[in-house]
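Trainee: Residue numbers (our numbering): 1 to 365.
Built from N, CA and C at the ideal position, the CB exists for glycine as well.
Quick one: this structure, given as C-alpha cells, is what I'll be asking you about.
In C-alpha cells form, the structure reads like this:
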C-alpha cells in the first residue's frame, strides 16, 4: 500500500470507529465499564498467575472481591453520602445568608470605591455569563445522565458489566497476543511501541490517578470531619473524587469547604484549620501521592484532559466521559509518534547550522 492508501485506510477506520460508537452509544456503557475494570485489575491477575495460581481461579477471586467491595460501598457509603448531601442542600440557603451577612461589609467597602457605571457593567456581564454557564452545565449534565442513568442502562451495568469484566480479565493476555498476531509485519514494532506508550500513559493516569483520588477523598473527608466542619465527610470525599479533573476538583472543593466553614465558624481558628486540611492535602498529593502512584511519564496535559472530559461528556454522555482519557492518551501518543517521524525525516533539517532540537523532551519538561 502506498502512503496515500494507508492514510485513506486509517482515516476511514477512525471515522467509522467514532460513527459506530455514536450509533451504539446507548448499549456500549456496560461493555466499556467491563473493559475498564478488566484493564484496571489485569496487573493483579498477572501477579497471582505468576505465583502459580490458575488464571481462571485468580480472575474469579479478583472479580468477586472487587464487586463485593463495590456493593459494600454502594449499600453503606453511598446512602451516607446521599444523606449528608441532602442535608447540605437543605442548609445551603442558610449558609448563603450567613455568608452574605459576614462578607457584606467588606464587599460594600470595595463597591463604594467603584464607579456606578463600571459596577453596572460588571453586574450585567456576570449575570449574562452566569446564565450561559448554568445553561451549558445543565445541558452537559442532561446528556451525561440521560446516557448513563436510564433504568435499562443501570440494569445492564449491574448484570452485564461483571460478566464482561470476568471474561475479559480471564482472557486479557490471549486477546493481546491474538491482536499482536494480526499486526502488519512491517509496522509491527512501531505499533507495539505506540501501544506500550499508550498503556504506560493509561496505567499512570487511570490506575495511578484513580488511587490518588480515592486516597485524597478519604484524607479530606476524615480531616474535615475531625476539625468539626458540617458535612465535612461529603465535601472532602467529593473534593478528592472530582480531583480527577485537574485543578477543578481542588478549587471547587476548597471554595465550598471554606464557604461552609466561614458560615459555620466565622473568621476564627477553626476556619484556619479547614484551610490547613486542604493545604496538607495538596502537599501530600504533590510531594508523595502523585510522584509515587502516577509518576512523570503520563504525558497528558491537564488542559487536554479537561477538554477531553468535557467534549466526551457533551457528545456521548457518560460513555464519552469514560472514553475521554483513553482516546486522549491514544491521540497524544500518535501525535508524539508523528513528531518523532517528522524529526527523523529529510523534511526536518538537522544540518550543522540548525542543531537538532527535540520539542518532545522540552514539552515533557
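Whole-angstrom Cβ separation of residue 161 and residue 33, contact assumed at under 8 Å?
Mentor: 5 Å
Trainee: For the alpha helix (DSSP H) containing residue 77, list its first residue and its last residue.
Mentor: First-last for residue 77: undefined, no H or E at that position.
Trainee: On the premise that residue 58 lies in contact with residue 48, defined as a C-beta separation below 8 Å, what is that separation, rounded to the nearest angstrom?
Mentor: 4 Å
Trainee: Give every residue of the same chain whose Cβ lies closer than 7 Å to the Cβ of residue 374, excluding the five residues on either side of it in the sequence, and list them in chain order.
Mentor: Within the shown structure, residues of the chain are numbered from 1 to 365, placing residue 374 beyond reach of any answer.
Trainee: What are the boundary residues of the alpha helix (DSSP H) that includes residue 226?
Mentor: 208-226
Trainee: Should the segment 186-201 be called in touch with the segment 217-227, which here means at least 3 C-beta pairs below 8 Å?
Mentor: no
Trainee: Using the Cα positions of residue 19 and residue 241, report the straight-line distance between them to the nearest angstrom.
Mentor: 31 Å
Trainee: For the segment 226-243 and the segment 80-96, state whether three or more C-beta atom pairs, one from each stretch, are separated by less than 8 Å.
Mentor: A contact between stretches requires three or more CB pairs, one per stretch, nearer than 8 Å, and the segment 226-243 meets this requirement with the segment 80-96.
Trainee: Is residue 178 near the ligand HEM, in the sense that its beta carbon is under 7 Å from a heavy atom of that ligand?
Mentor: Looking at this structure, you won't find the ligand HEM or any other ligand, since it has none at all.
Trainee: Let's see if you can read the secondary structure: which residues bound the alpha helix (DSSP H) around residue 267?
Mentor: Element bounds for residue 267: n/a, residue is neither H nor E.
Trainee: Could you tell me which of 163, 9, 8, 28 sits nearest to residue 316, measuring between CA atoms?
Mentor: 28
Trainee: I need the straight-line Cα distance from residue 327 to residue 44, nearest angstrom please.
Mentor: Near 24 Å, if we compare the C-alpha coordinates of residue 44 and residue 327.
Trainee: Please report the distance separating the alpha-carbon of residue 208 from that of residue 101.
Mentor: The straight-line gap from Cα to Cα measures roughly 43 Å.
Trainee: So, with DSSP's three-state summary, where would you put residue 287?
Mentor: helix
Trainee: Taking the alpha-carbon positions, what's the residue 31 to residue 282 distance?
Mentor: Take the alpha-carbon of residue 31 and the one of residue 282: they are about 35 Å apart.
Trainee: With 16 other CB atoms within 10 Å as the buried threshold, where does residue 176 fall?
Mentor: So residue 176 ends up on the exposed side.
Trainee: Return the first residue and the last residue of the alpha helix (DSSP H) that residue 380 is part of.
Mentor: One cannot answer for residue 380 here, as it falls past the ends of the chain, which runs 1 to 365.
Trainee: Since residue 312 is in the alpha helix (DSSP H), which residue starts that stretch and which ends it?
Mentor: Start and end: 302-316.
Trainee: Within 10 angstroms of the Cβ of residue 62, are there 16 or more other Cβ atoms? Answer buried if so, exposed if not.
Mentor: buried
Trainee: Does the Cβ-Cβ distance between residue 270 and residue 228 come in under 8 Å?
Mentor: yes
Trainee: First and last residue of the alpha helix (DSSP H) that includes residue 31?
Mentor: Per DSSP, residue 31 belongs to the alpha helix (DSSP H) from 25-50.
Trainee: Determine the DSSP secondary structure at residue 184, reduced to helix, strand or coil.
Mentor: coil
Trainee: Around the Cβ of residue 302, are there at least 16 other Cβ atoms within 10 angstroms (buried) or fewer (exposed)?
Mentor: exposed
Trainee: If the criterion is Cβ atoms closer than 8 Å, does the pair residue 245 and residue 306 meet it?
Mentor: yes
Trainee: Report the option in 70, 55, 289, 287 whose CA atom is closest to the CA atom of residue 158.
Mentor: 70
Trainee: Quick check: the Cα distance between residue 230 and residue 247, rounded to an integer number of angstroms?
Mentor: Residue 230 and residue 247: Cα-Cα distance of roughly 24 Å.
Trainee: What do you get for residue 170, buried or exposed, if any count of 16 or more other CB atoms within 10 angstroms of its CB means buried?
Mentor: When all chains shown are included, residue 170 counts as buried.
Trainee: Taking all protein chains shown into account, do 16 or more other C-beta atoms lie within 10 angstroms of the C-beta of residue 39, making it buried, or fewer, making it exposed?
Mentor: Under this definition residue 39 is a buried residue.
Trainee: Under 8 Å Cβ to Cβ from residue 94, same chain only, skipping five residues before and after it: list those, please.
Mentor: 263
Trainee: As a quick exercise: from 25, 164, 17, 251, pick the residue whose alpha carbon is nearest that of residue 67.
Mentor: Nearest of 25, 164, 17, 251 to residue 67, Cα basis: 164.
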